[in-house]
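The structure appears right after this line, and notes come after that.
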Amino acid sequence: MTLAIPAAGAYHGAYLDFGDHEDEVTLERIHWFNELVGKRLAIVAFSNYWGRQRFPLEQAQLVINSGAVPLIYWNPWEDQEDTKRSRFDLGAILAGHWDGYIDAWAKAARDLDRPLLVSWGLEMNGNWFPWCGVFHGGGEEVVPGSDPPRYRGPETFKRAYRYVVDRVRAAGADNIAWVFHVNNTSDPDAPWNQMAAYYPGSDYADWLAMSAYGMQFPTEHWISVKEAILDHYAKLAAIDPDKPILLAEWGIGEFPHKGDKGRWIGEAMAAMEHLSRLKGAVFWHERWQNGDLSYSNLRVNSSSGALAAYRQAVARVFWLSEPKFVPARLP
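Counting from 1, one number per residue, gives the positions in the sequence shown under full-length UniProt numbering.
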């Protein structure tokens, strides 16, 4: 079975401040959030770093027990946030150095026998993760002068993505829906680094997804809903006309001297109802301390106004609290 694409509405999802490694999932926290916002979650997201070297069975089972579908951010790096290179380098993956781990992970996912969403190598069009194209050849042309041009960074990522998906599928894990998950903006914003350049093809993605945030840090300017989401939705949708779209991460910090978080949330969720292919959205509920000792508070209850706006918006019938399932489609 796999997660069904709703004919109307979108799945209500969230990531719930699951600790430094984003994997400290508890039923208590999920139930608390459901009560806080007045609607159950259909999707609960958490991370699984390759440095763990195991499938996150306990976390996935807790999410399933809550009545939601796990969205696993399956990222090839260590527990610590190495930003340029790691032992899980894309070249090492393609050379087969991690086949045993991939196969074991896939078999554990298969044996769970419940629908999963998996986002592998997210935000690859940025410059902050070791699997980003900028660290794997960037804008160097694979064949100089080719038309259309093919760039080494995106091409290496696509090969690695397909390699991982092929091995997981070969193990029989057809309960996984694959999420192609970009950042809304590219950094660097160069022709070679646009989100479409990384798309592995329709056979390798079940959902198109992006991260889209309003203002996250005190040093930033206020980012409107249009700038964060609407200006980029069409670019994402154009990558493949046949795929549903997921806001795999969205949210905004509490900076009252810059703008009204509650109003922003209300505007964002109202706008999402008019995006015809949007079928799910995962709110990033987290608070963290920055290097300058300031705080970024993206939690839905960072203020009474923010919480009230979210509760009012999510109460609408558009936001679905119960996942539906259909038989898995073989690739």
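A virtual CB, placed ideally from N, CA and C, is assigned to each residue, including glycine. Predicted model, so just to flag it, every value in this text is computed and none were measured.
Distance CB(residue i)-CB(residue j) smaller than 8 Å
{"i": "Ala197", "j": "Ala248", "result": "no"}
{"i": "Val317", "j": "Glu267", "result": "no"}
{"i": "Ala228", "j": "Gly262", "result": "no"}
{"i": "Phe18", "j": "Glu24", "result": "yes"}
{"i": "Trp288", "j": "Lys258", "result": "no"}
{"i": "Asp79", "j": "His31", "result": "no"}
{"i": "Val164", "j": "Ile93", "result": "yes"}
{"i": "Trp77", "j": "Asn48", "result": "no"}
{"i": "Asp89", "j": "Asn127", "result": "no"}
{"i": "Gly133", "j": "Asn125", "result": "yes"}
{"i": "Ala243", "j": "Pro200", "result": "Strictly speaking, residue 243 in this sequence is Lys, with Ala absent from that position. No. Outside cutoff."}
{"i": "Leu57", "j": "Asn301", "result": "no"}
{"i": "Ala281", "j": "Trp250", "result": "yes"}
{"i": "Leu71", "j": "Leu27", "result": "no"}
{"i": "residue 351", "j": "Leu246", "result": "A question about residue 351 goes unanswered here, because the residues of the chain that appear run from 1 up to 331."}
{"i": "Ala106", "j": "Ala171", "result": "yes"}
{"i": "Pro115", "j": "Val69", "result": "yes"}
{"i": "Tyr161", "j": "Trp120", "result": "yes"}
{"i": "His181", "j": "Ala212", "result": "no"}
{"i": "Val326", "j": "Ala60", "result": "no"}
{"i": "Trp284", "j": "Lys39", "result": "no"}
{"i": "Glu273", "j": "Asn183", "result": "no"}
{"i": "Gly174", "j": "Ala328", "result": "For the sequence presented, residue 174 should be read as Asp rather than Gly. Yes, they are a contact pair."}
First through last residue of the alpha helix (DSSP H) which encompasses residue i
{"i": "Pro279", "result": "Contrary to the premise, residue 279 reads as Lys rather than Pro in this sequence. Segment Leu278 to His285 is the beta strand (DSSP E) holding Lys279; no alpha helix (DSSP H) there."}
{"i": "Tyr161", "result": "Arg152 to Ala170"}
{"i": "residue 335", "result": "Summary: the structure shown does not reach residue 335, with the chain confined to residues 1 through 331, and so no result is reported for it."}
{"i": "Leu27", "result": "Leu27 to Val37"}
{"i": "Leu307", "result": "Ser304 to Val314"}
{"i": "Arg40", "result": "From DSSP, Arg40 is part of no alpha helix (DSSP H); its letter is neither H nor E."}
{"i": "Met269", "result": "Lys261 to Met272"}
In DSSP terms, what residue i is bridged to
{"i": "Met210", "result": "Val182 and Leu247"}
{"i": "Asn297", "result": "Arg287"}
{"i": "Glu141", "result": "Tyr151"}
{"i": "Val225", "result": "None, per the DSSP bridge assignment."}
{"i": "Trp319", "result": "Ala10"}
{"i": "Ile176", "result": "Leu116"}
{"i": "Val134", "result": "None; Val134 has no bridge partner."}
{"i": "Phe325", "result": "Leu3"}
{"i": "Phe46", "result": "Ile72"}
Boundaries (first-last residue) of the beta strand (DSSP E) holding residue i
{"i": "His12", "result": "Ala10 to Leu16"}
{"i": "Phe118", "result": "Checking the sequence, you will find Val at residue 118 rather than Phe. Leu116 to Trp120 is the span of the beta strand (DSSP E), which, as asked, contains Val118."}
Residue i CB to nearest heavy atom of the ligand NAD below 7 Å
{"i": "Glu254", "result": "As presented, the structure is devoid of all ligands, the ligand NAD included, so that no description of it is given."}
Which residue spans inside the stretch 48-105 form an unbroken beta strand (DSSP E) run of at least 3?
69-75
Closer than 8 Å is the cut-off here; do at least three beta carbon pairs connect the stretch 33-43 with the stretch 9-20?
yes
Indicate whether the contact test is met: 3 or more Cβ pairs, each with one atom in the stretch 139-153 and one in the stretch 202-218, closer than 8 Å.
no
I'd like to know if the stretch 101-111 and the stretch 233-244 are in contact, where contact means that at least 3 CB-CB pairs between them fall below 8 Å.
no
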